[in-house]
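So the structure is just underneath, and the comments pick up after that.
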Amino acid sequence: MLLEAHYVERENQRTLLRELLESAREGRGQVALLSGAVASGKTALLMNCADQALAEGALLLDTAGVRAERSRPFGLLGRIFASAPLTSAAHAEVARLIDGVSGAESSVHDQMLAMPQLSAALLDLAKENLVVIAVDDVHDGDQASLRFLLYLTRRIRHVRMLVVLTEPARLESSKRSFHAELAHLPHCTWLRLKLLSPIGTVGLLSEHFTPSTAARLAPELHDITGGSPLLLRALVEDRLAATEAGDPFQPLVRGENYAQAVIDCLHRCGPEPLEIAQGIAVLGSHADPGLLGRLLGIHLRSVEQAVADLGQCGLLSDGRFRDEQAASVVRDAMAADRLSQLHTRAAELLHQNGSAAYDIAHHLVVARDTADLWAVPVLQEAAEYALADGDMEFARRCLALAQDSCEDDRLRASLTVKLAGVVWRTDPAAVEVKASTLLLDATAARLSPSDLVVSLSYLAWSGRLVEAREVLEALEGADGWSGREERTALTAARRWLTVLSPSLGMEPGGEEPMRPGPADTLAGDAEIAHLHASSAVAAALSESRREDAVSEATRVLQRYRLNDGYVQPLVVALWALVYADRLDLAVPWCERLLNESADHHAPAWQAMFTSVRSEIALRQGDLPGAKVHAESALRQMGPRSWSLARSFPLATLIQAHTGMGQFDEAESLLGQTVPDAFLHTLPGLHYARARGRWNLATGRYHAALGDFLACGEALEEWGVDAPELVPWRLDAAETWLALGHPEKARSLAEQQLLRSPDRARGTALRLIGATGEGRRGLQQLQEAVEILENGGDRLQLALALGELGRLCRLMDDVNRARMLVRKAWHVAKSCGAEPLCRQLIPGGTDPDFEAPRHEPVLPQNTASLTEAESRVAVLAAHGNTNREIAARLYVTVSTVEQHLTRIYRKLKVNRRRELPTRLAGNSDHSQLALNGRQTVGDLVPMEVTSCGTGRHN
């Protein structure tokens, strides 16, 4: 039989109390003194003893000490007599005696004179009945009542009376004499209570859980509570409440019962231990007794005693809270002003002690009050540590408090930029809140050169390009901005804005846009990083400086570490490598920066690098990879956070969907609004081209042509002719070809051929070859294939191989045509370009694998045909010769003959002219149904005049 929960590991004490009760019943008066830590179970034992006495017919006089009534003489004794069954006259006499010696003028001597009569009233009760006097928390009784209890207990040795008292393990100095005199009595028994052991914890839990569950929970609960019955019962109640509607194996729950038990325990310890506990909860790991004393203004000895008391009741271990949740409960229960004061004082003390900035800043931030000037550099240092640890929220709070506490305008402006950078890591849209402040600081020339460039880059990202330009124009003639460093910053900012939106570089008089010159030789600051990165992009878009772009971009990537002021230059340097067609360099750098962004816990950074990675995949012909990366980039940041740059991943995703034949998905993306102003920027040009590619693929040829020519006009206006950015001539040529104007297509492709690097040159030759015939066209397509095989864009390679196969077929080189088309199909398949696969091999299946199909709808005596046999049968039925069938299907004549032999046998026909009748009898609509969806028309390859135009109307 398991013990009741309140009395686990208390059976010896219960037995002893029963024995004392029996001894008192027999006329041998006894005193029981229960001593133990707060919430160790003293009251439960006292009540158990009192209940047992009542059950056996004893007279019970019980009360409890009240701390607030310590100064009221005989207050405790009055409550004892209040429950005594005295006559009215006796009650009146007792009241008269107590009132007579309770005044302020009464002396101890006067009180002692009244005690014989008062004690006689109680002793008389014991003549007829067993009397049990039970006083809980006797240490909180007034001194006069305690003297009376000593007087009484000395006279009950031969009386039928039991006095049971409870007291804490450590007494105040003023109460120790009472304990000493009481414990010295020969008929006094001192019962000491300890907290539950680990085994006792299992026993208590077994009252509520299965043995296995109790054994599993006990170690953790004992570590948290130290074996305190009060805290254990609270945790059990929270656990039972949580598991009524949940998983019985869920983690430990600390609910309202536990929180209330912690507070109750502290209040029962007294005001000083409660204050010490609050100090420990505030100081945390720095809560040594000396610092606690300075924080609270309490003597060191008192602090040490209170810490010992809190340890005995199970809340502390080694001077720290056993459970951080308990410390949180204590902090939450404190008044906000008091908590703020303690945190502010703790920060000051830790600063005086030379503690770490991170620890000091924690208190300053929690205090939520403007800090003194000494705290500003501390908060800045703590923010740097927080950023290194990936704690963006704490870094933001540190910088915000430093900004509010700073009195220097320039330093406060710098802090605003730093705070904007931290916010920008997770949500660039939130920087809009700081935009007005950034503009004001920039216009007022309160920013350093580096901070100016970084601030303008944030404004440009959010689409506030015109405002950024106005700031630059205002600073051009401002005092204090004529030095070399300041002029470099202005140049860097202007080049940065010019790269994003070249039209911004136009002066009011209509001069040409500023041309980026050689990068400045300085290094290390953010303005130089922006200068180098923008120069790299400008060089990549220049016909004669592409090698300079690679070296410039590589220098940025190698020199600058990933940080708030350098993240955008690093992204732009990657774009420079992309525009320079150095995807082999861009990929490893992009992957490395992606990993570093993840380590910095900066989703905005990850989104930017993921967007570049998606464009790289697209240019490599990896359509599924481009789709995955672009979707990931768009998920990592919302539209408002992407702002101007959203056109980058959006354009990539539209092109990926289009190339994969997912036209509806691409159309839904095109339905998302992009501001007209954004279309006149570098990202907007990407979007315009993507829209044109979708229009082309879906047969909207004139709309596509308009998009491509508009791209060309924009580039011409900017003074840039870079097919690496937007190959508008090639796109327009492909559109003219689809419209049936090969001469216009050829003209544009030849124009591009004169100025194209290898990548665009291969595409240009493909389009020129697609418009030509004979040996000349064959040579151009062969050269295109050779270039593209080394160029990295597998999708363009598939298109060129398909065109070359088509031309070979027209020249009756069937075997080579079949090989080239199959190769093109496999390359297109690896790119995820399903529309191109269907154009190359109708049906879209692997040309090297003839999978058996479901049976056609044929007469019951007819065997099923494979898909390849069905194609041959239909073409033969239409009157094509074996050679013509071979040319149409890219197979040999011998293969056609073998298929026909099997077809005759399966359809039970003897000659070719029987095929139309036989096939027509297989369907009400004279069509051969395969797989429940294909018809005769589906089995005939398309007459493709040019590969890659997508959906045909």
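When you line the sequence shown up against this note's numbering, it's residues 979 to 1931, in that order. Even glycine gets a Cβ: it sits at the ideal position worked out from N, Cα and C. The structure presented is a predicted model; accordingly, all values stated were derived computationally and were not measured.
Starting from residue i and walking both ways along the beta strand (DSSP E), at which residues does that stretch end?
i: Gly1014; result: 1008-1014
i: Met1586; result: Run containing Met1586: none in the beta strand (DSSP E); it sits in the alpha helix (DSSP H), 1581-1597.
i: Thr1221; result: From DSSP, Thr1221 is part of no beta strand (DSSP E) but of the alpha helix (DSSP H) over 1207-1221.
i: Arg1170; result: 1166-1171
i: Asp1040; result: 1037-1042
Just mark residue i as buried or exposed, buried being the case when its beta carbon has 16 or more other beta carbons within 10 Å.
i: Ser1848; result: buried
i: Gln951; result: The requested residue 951 does not occur in the structure, where the chain is confined to residues 979 to 1931.
i: Glu1326; result: buried
i: Arg1472; result: buried
i: Arg1003; result: buried
i: Asp1559; result: buried
i: Val1444; result: exposed
i: Val1590; result: buried
i: Thr1144; result: buried
i: Leu1173; result: buried
i: Asn1331; result: exposed
i: His1087; result: exposed
i: Asn1888; result: exposed
i: His1277; result: exposed
i: Val986; result: buried
i: Thr1394; result: buried
i: Glu989; result: exposed
Leaving out five residues before and five after residue i in sequence, what residues of the same chain have Cβ atoms less than 6 Å from its Cβ?
i: Glu1668; result: Just to set this straight, residue 1668 is Ala in the shown sequence, not Glu. Answer for Ala1668: Ala1629, Ile1632, Gln1633, listed in chain order.
i: Ile1258; result: Ala1265
i: Ala1700; result: Leu1519
i: Leu1320; result: Val1260
i: Ser1428; result: Asp1503, Ala1504, Glu1505
i: Arg1154; result: none
Does the distance from the C-beta atom of residue i to that of residue j stay below 7 Å?
i: Ser1592; j: Ala1604; result: yes
i: Val1550; j: Met1586; result: no
i: Val1805; j: Leu1775; result: yes
i: Ala1239; j: Leu1208; result: yes
i: Glu1253; j: Leu1274; result: yes
i: Val1307; j: Ala1237; result: yes
i: Ser1013; j: Arg1133; result: no
i: Arg1424; j: Ala1391; result: yes
i: Ala1711; j: Ala1727; result: yes
i: Ala1255; j: Asn1235; result: no
i: Ala1398; j: Lys1412; result: yes
i: Leu1657; j: Ala1666; result: yes
i: Arg1739; j: Ile1765; result: yes
i: Gly1670; j: Phe1686; result: yes
i: Gln991; j: Leu1023; result: yes
i: Ala1854; j: Leu1893; result: yes
i: His1508; j: Val1431; result: yes
With residue i and residue j assumed to form a contact (beta carbons below 8 Å), what rounded beta-carbon distance in angstroms separates them?
i: Asp1503; j: Ala1517; result: With 8 Å as the limit, Asp1503 and Ala1517 do not qualify as a contact, their Cβ atoms being about 21 Å apart.
i: Ala1723; j: Leu1745; result: 6 Å
i: Ser1435; j: Trp1474; result: 6 Å
i: Val1044; j: Pro1146; result: Contact doesn't hold; Cβ gap of about 15 Å is too wide.
i: Thr1588; j: Leu1563; result: With 8 Å as the limit, Thr1588 and Leu1563 do not qualify as a contact, their Cβ atoms being about 18 Å apart.
Taking the continuous alpha helix (DSSP H) assigned at residue i, which residues delimit it?
i: Leu1763; result: Residue identity differs from the one stated: residue 1763 is Val in this sequence, not Leu. Residues 1752-1767.
i: Ile1953; result: Here the chain has residues from 979 to 1931 only, and residue 1953 is not among them.
i: Pro1547; result: 1545-1557
i: Thr1191; result: 1189-1203
i: Met1797; result: 1792-1809
i: Pro1355; result: 1353-1367
i: Arg1521; result: It is Glu, not Arg, that sits at residue 1521 in the sequence shown. Careful: Glu1521 lies outside any alpha helix (DSSP H) and carries neither H nor E.
i: Val1431; result: 1427-1439
Please work out which residues of its chain come closer than 7 Å, Cβ to Cβ, to residue i, disregarding the five sequence neighbours upstream and downstream, and give them in chain order.
i: His1186; result: Val1214, Leu1218
i: Leu1342; result: Ala1325, Ala1349, Ala1353, Leu1357, Leu1379
i: Pro1617; result: Arg1624
i: Leu1269; result: Leu1261, Leu1327
i: Leu998; result: Gln1008, Ala1010, Leu1140, Thr1167
Give every residue of the same chain whose Cβ lies closer than 8 Å to the Cβ of residue i, excluding the five residues on either side of it in the sequence, and list them in chain order.
i: Pro1267; result: Leu1278, Val1281, Glu1282, Val1285, Gly1297
Against chain B, does residue i count as a neighbour if the rule is that its beta carbon must be under 7 Å from one of theirs?
i: Asn1768; result: Going by chain labels, chain B is absent from the structure shown, which holds only one protein chain.
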